[in-house]
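Encoded as structure tokens, the structure appears first; notes follow it.
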Amino acid sequence: MTEKKVTIKDVAKASGVSIATVSQIVNGNSKNFSPKTVAKVLKIKDELNYVPDYFARRMVMKKSKTIGVLVPDISNPFFSTLVRGVEDVLYKENFITMLCNANGDNEKESLVLEELSRRGVDGFIIASSAISDEDIERLLINKKHPFIILDQKSSEENSDSIQTDDFLGGNLAASHLKELGHEKVAVVLPEKATANIVRRLEGFIEVMGKNVTVIYSSLSKEGGRRAAKDIITTDVTGIFAINDEIAFGLYLGLKDFDKSIPSDYSVIGYDNVDMCKYVTPPLTTIAQPIYELGQQTAELLLERIEHPEQEKVVKKLPVNLINRFSTRQI
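Residue 16 is where the sequence shown starts when you use my numbering, and the numbers rise one by one after that.
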């Protein structure tokens, strides 16, 4: 014989409180009730093995307490650190994340956004460059979903925005190499650069001038390693890798050609992921507040969910140079 499923009504009856009270307590909204009532409801819930019905909760509360988070490459330590910042804030507010890895695939991204929308997530954090303006309008704006498109794509007109100061970051990288005496330099970046990467390049060129060699690479260690083959055919002495992953690849690629850092080439990265401290030599880089970027993004989205009519918020977080041992005076 099939055992009868325990309902929220059963918990309310056994606890001597209303269904609304049980609903709020089991969903983490217990601040309006006495500790005694909260303890009693939770104890009876456990004794009866009551499991809240997700979809019923969604219908009653109009919230799923779930945020969809979309990233282009979770294996990149930048995005794993970013997501940790997001999750730490959401967890404290009794929200969970549904994390999706897009791999830079626009079709996959559209499918994921549609599916998350159908499942009733309360908002979206999108840290991926593949999403098109058409999908932003069709899947997010038209459906009135709260969302933040983070860092890689300018979105101030459509949503709240948090970015780091990429133009300043490019300035700092160029100033550092220039102060060390490097006049001939290369920048390694993807051919189809996102808005934030373009800002880094513009900041770099403002200081170094237009006499900058551009080498194209994917945003990966393997891309950086392959880029070394092109770099050794030039007369540059300094290299600005547009992210740390490319810089790590350059370490291997230059070693493949018996070149060393910083004796033959000064290399500066961008992001300041944890691995920068552990490669040899430790990587000089432009530090972004990655974890804080994730935290503030989550906080801003939760604020937007609670106050959908408030004015758009635009924040820009500072960056700074971390001078280690991969660059030298010439």
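From the three backbone atoms N, C-alpha and C, an ideal C-beta is built for every residue, glycine too. Here the structure is a predicted model, which is why all the values come from computation and not from measurement.
Does the beta-carbon of residue i have 16 or more other beta-carbons within 10 angstroms, so that it is buried, or is it exposed?
| i | result |
| --- | --- |
| Gln303 | buried |
| Leu64 | Going by the sequence as given, residue 64 is Asn instead of Leu. It is exposed - the Cβ of Asn64 has fewer than 16 other Cβ atoms within 10 Å. |
| Thr17 | With a pLDDT of 49 at Thr17, under the threshold of 50, the predicted position of this residue should be treated as unreliable, though the coordinate-derived value follows. Exposed. |
| Val101 | buried |
| Glu206 | exposed |
| Gly31 | exposed |
| Ala35 | exposed |
| Val334 | buried |
| Gly264 | buried |
| Val136 | buried |
| Tyr266 | buried |
| Ile141 | buried |
| Gly253 | buried |
| Gly43 | exposed |
| Gly224 | exposed |
| Asp354 | This structure gives no information on residue 354, because the portion of the chain shown stretches from 16 to 345. |
| His197 | buried |
| Thr295 | exposed |
| Ala54 | exposed |
| Thr248 | exposed |
| Asn211 | buried |
| Ile151 | buried |
| Phe139 | buried |
| Gln310 | buried |
| Ser174 | buried |
In the DSSP assignment, the beta strand (DSSP E) including residue i goes from what residue to what residue?
| i | result |
| --- | --- |
| Ala302 | Thr299 to Ala302 |
| Asn201 | Checking the sequence, you will find Ala at residue 201 rather than Asn. Val200 to Leu204 is the extent of the beta strand (DSSP E) around Ala201. |
| Gly309 | Run containing Gly309: none in the beta strand (DSSP E); it sits in the alpha helix (DSSP H), Ile305 to Glu321. |
| Val329 | Val329 to Leu332 |
| Ile345 | Note, Ile345: premise wrong, no beta strand (DSSP E); not H, not E. |
Could you pull the start and end residues of the alpha helix (DSSP H) that residue i belongs to?
| i | result |
| --- | --- |
| Ala189 | Asp181 to Glu194 |
| Thr36 | Ile34 to Val41 |
| Lys60 | Pro50 to Glu62 |
| Asn121 | Asn121 to Arg133 |
| Ile23 | Ile23 to Ser30 |
DSSP has residue i in a bridge; who is on the other side?
| i | result |
| --- | --- |
| Asp88 | Answer is none; Asp88 lacks a bridge partner. |
| Met396 | Summary: the structure shown does not reach residue 396, with the chain confined to residues 16 through 345, and so no result is reported for it. |
| Asp175 | Ile163 |
| Ile337 | Thr300 |
| Gly100 | Per DSSP, none; premise fails for Gly100. |
| Leu114 | Val84 |
| Ile141 | Leu85 and Ile164 |
| Tyr285 | Ile301 |
Quick check: is the beta carbon of residue i nearer than 8 angstroms to any beta carbon in chain D?
| i | result |
| --- | --- |
| Ile283 | Within the model displayed, chain D is absent; a lone protein chain is all it includes. |
Identify every run of the alpha helix (DSSP H) within the segment 207 to 283, keeping only runs that are complete inside it and at least 4 residues long; order them along the chain. 210 to 223, 236 to 246 and 259 to 271
For the structure I just gave you, are there three or more beta carbon pairs, one from the segment 276 to 290 and one from the segment 114 to 124, closer than 8 angstroms? no
Are there three or more Cβ pairs, one per stretch, closer than 8 angstroms when the segment 85 to 98 is compared with the segment 45 to 64? no
contact_flag[the segment 156 to 164, the segment 184 to 204] where n(CB pairs < 8 angstroms) is 3 or more: no
Determine, using beta-carbon pairs with one atom in the segment 253 to 267 and one in the segment 282 to 298, whether at least three such pairs fall under 8 angstroms. yes
Cβ pair count under 8 angstroms reaching 3, the segment 128 to 135 against the segment 90 to 107: no
Any chance the segment 319 to 330 sits against the segment 214 to 227, with 3 or more Cβ pairs inside 8 angstroms? no
Counting pairs of beta carbons, one from the segment 288 to 302 and one from the segment 233 to 246, are three or more of them closer than 8 angstroms? no
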